[in-house]
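Mapping to my numbering: the sequence shown position 204 is 201, numbers consecutive. Just so it is clear, CB atoms sit at the ideal spot from N, CA and C, and this is done for glycine as well. Worksheet for the structure shown next.
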Amino acid sequence: MLLAVCFGLVAAVLPAGLAAAEPSPQQIEAEIDKKWRQLEPVIEQYNKVHSQLEKNQRKAKDLQKKITPLSLQADIALDRIGAIAAQHYKAGPSSELTMLLSGGNTSDITDQLAMIDMLARHEQAQIADVVAARDKFNAEKVKLDALVAENKKTDTELAARKKTIAADIKKLEASLPPTRVNVANCPKITTVTTAEGTAVRTACQQVGKPYVFNTDGPSTFDCSGLTLYAWGKAGVSLTHYTGDQWDETYAVSSPRAGDLVFFYSPISHVGLYIGNGKMVHAPRAGEPVQVSSVSNMPITGYRSVKKR
């Protein structure tokens, strides 16, 4: 469907009965680049919104921690005021009447009532401060919760857009022919055959792995071990020795990506040619598998694993 969208205009202008040509790897790569230019700002915007969301969620959580004890304090203070009022209602009048009938000192009654009133006012003052602080935090949290909700909505929308564009890129990459090699460790390469594409792709994927004498992967390689491993993934068996690999292959006048390139006389080093004067090889101990220029060493010759 993506290719139809990308190249449908070409079909529209072709004469009737003439089929549109399949898009070339270069055209597909150009469309991938275009899609990536759409995706990159979405990713950055998503990262920004997601960071804001996490930050605001932490703020809301901190506010909730402050609100909870304030609400508890207010509830306790209200309970105390209620207890004072209840105690005065139940015990106050009868004790006052008893004092009056017994000729007791009425100033004690006044003092008692004044004390109750003072305690109630004290509790009311305390609860007023607590409630004011709680209400302030609650108001802040309402605003913050609204912001978090908006962040979540935008976060979800951006994640969906990111997923859609990434899926488009994946489909475009899958539409590349198997002879097109696109590995982060190597330049973009178009090979002639699928087998060559597999060998080049495999060699490129080993870039950065350490050189270890007499190993042929998958974690470490020496020079002939790397070429053996790369071509082995393409179904071609080579011997783990540069001299034998020379004998097992065929001389070519025009090297292409996937061919072997041999060095020195007598032959003591081999790499996998990837075109444009470059190769993937395992140089020596202390140097990992890497992409290098073939001109760094004296070339003995190029060889193809199959006669052509």
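(request) Just confirm the distance between the C-beta atoms of Val39 and Arg158, as a whole number of angstroms; I'd bet it's less than 8 Å. (result) About 5 Å separates the two Cβ atoms, so the contact holds.
(message) With distance defined between alpha-carbon atoms, name the residue in Pro66, Leu36 and Ile271 nearest to Val189.
(response) Minimum Cα distance to Val189 is reached at Ile271.
(request) Could you tell me which residues DSSP pairs with Ser216 in its beta bridges? (result) According to DSSP, which records beta bridges pairwise, Ser216 is partnered with nothing at all.
(request) State buried or exposed for Lys191, treating a residue as buried only when at least 16 other CB atoms are found within 10 Å of its CB. (result) It is worth fixing the name first, because residue 191 is Thr in this sequence and not Lys. By the Cβ-count criterion, Thr191 is exposed, with fewer than 16 other Cβ atoms from all chains shown falling within 10 Å of its own Cβ.
(message) In the DSSP output, which residue or residues are listed as bridge partners for Phe260?
(response) Partner residues in the beta bridge of Phe260, as assigned by DSSP, are His266 and Ile296.
(request) To the nearest angstrom, report how far apart Arg305 and Ser172 are at their CA atoms. (result) Our two residues, Arg305 and Ser172, have alpha carbons roughly 28 Å apart in a direct line.
(request) Give the single residue among Ala129, Glu19 and Glu137 whose Cα lies nearest to the Cα of Gln61. (result) Taking only the C-alpha atoms, the option nearest Gln61 is Glu137.
(request) Find the nearest neighbour of Ile296 within the set Lys275, Ala163 and Thr176, judged by alpha-carbon distance. (result) Checking every option, the nearest Cα to that of Ile296 belongs to Lys275.
(message) For Phe260, tell me which candidate among Trp228, Thr246 and Tyr299 has the shortest Cα-Cα distance.
(response) Closest option to Phe260, Cα to Cα, is Tyr299.
(message) What does the Cβ neighbour count give for Asp165, buried or exposed, with the cut at 16 atoms within 10 Å?
(response) Classification of Asp165: buried, given that the 10 Å Cβ count is 16 or more.
(request) Flag this pair as touching only if the segment 149 to 158 and the segment 211 to 222 have three or more C-beta atom pairs under 8 Å; answer yes or no. (result) Using a C-beta cut-off of 8 Å, the segment 149 to 158 makes no contact with the segment 211 to 222, since fewer than three inter-stretch Cβ pairs fall below that distance.
(message) One question on the structure: do Ala279 and Gly222 come within less than 9 Å of each other, judged by their Cβ atoms?
(response) Contact flag set, yes.
(request) Assign Phe210 to one of two classes, buried (16 or more other C-beta atoms within 10 Å of its C-beta) or exposed (fewer than that). (result) Burial call: exposed.
(request) Kindly indicate which three-state DSSP category His278 falls into: helix, strand or coil? (result) The answer is strand: DSSP assigns His278 an E or B state.
(message) What would DSSP say about Tyr208, mapped onto helix, strand or coil?
(response) Tyr208: strand per DSSP, three-state reduction.
(request) Give me whichever residues DSSP pairs with Glu284 in a beta bridge. (result) Residue pairing by DSSP places Glu284 opposite Arg281 in a beta bridge.
(message) Beta-carbon within less than 7 Å of Trp33's beta-carbon, same chain only, minus the 5 sequence neighbours each way: which residues are those?
(response) Apart from the 5 residues on each side of it in sequence, Trp33 sits with its Cβ closer than 7 Å to the Cβ of Ile166 in its chain, given in chain order.
(message) In the DSSP output, what is Gly272 paired with across the bridge?
(response) Under DSSP, the beta-bridge partners assigned to Gly272 are Lys275.
(request) Just the C-alpha distance for Cys183 and Val288, rounded to the nearest angstrom, thanks. (result) Computed Cα separation, rounded: 7 Å.
(message) What does the alpha-carbon distance come out to for the pair Ser290 and Ala18?
(response) About 36 Å.
(request) Run the CB neighbour count on Tyr247, radius 10 Å, all protein chains shown included, and call it buried at 16 or more, exposed below. (result) If you draw a 10 Å sphere on the C-beta of Tyr247, you find fewer than 16 other C-beta atoms in it, and that means exposed.
(request) Could you tell me if Asp30 is buried or exposed, where buried requires 16 or more neighbouring beta carbons within 10 angstroms of its beta carbon? (result) Around the beta carbon of Asp30, fewer than 16 other beta carbons sit within 10 angstroms, so the residue counts as exposed.
(message) By alpha-carbon positions, which one of Trp228, Ile162 and Gly268 ends up nearest to Ala196?
(response) For Ala196, the closest alpha carbon among the candidates Trp228, Ile162 and Gly268 is that of Trp228.
(request) State the DSSP-derived secondary structure class of Tyr247, mapped to helix, strand or coil. (result) Strand, per DSSP.
(message) Per DSSP, what are the beta-bridge partners of Ile186 in this structure?
(response) Ile186 pairs with Val178.
(message) On the DSSP bridge list, what partners appear for Ser301?
(response) Per DSSP, Tyr247.
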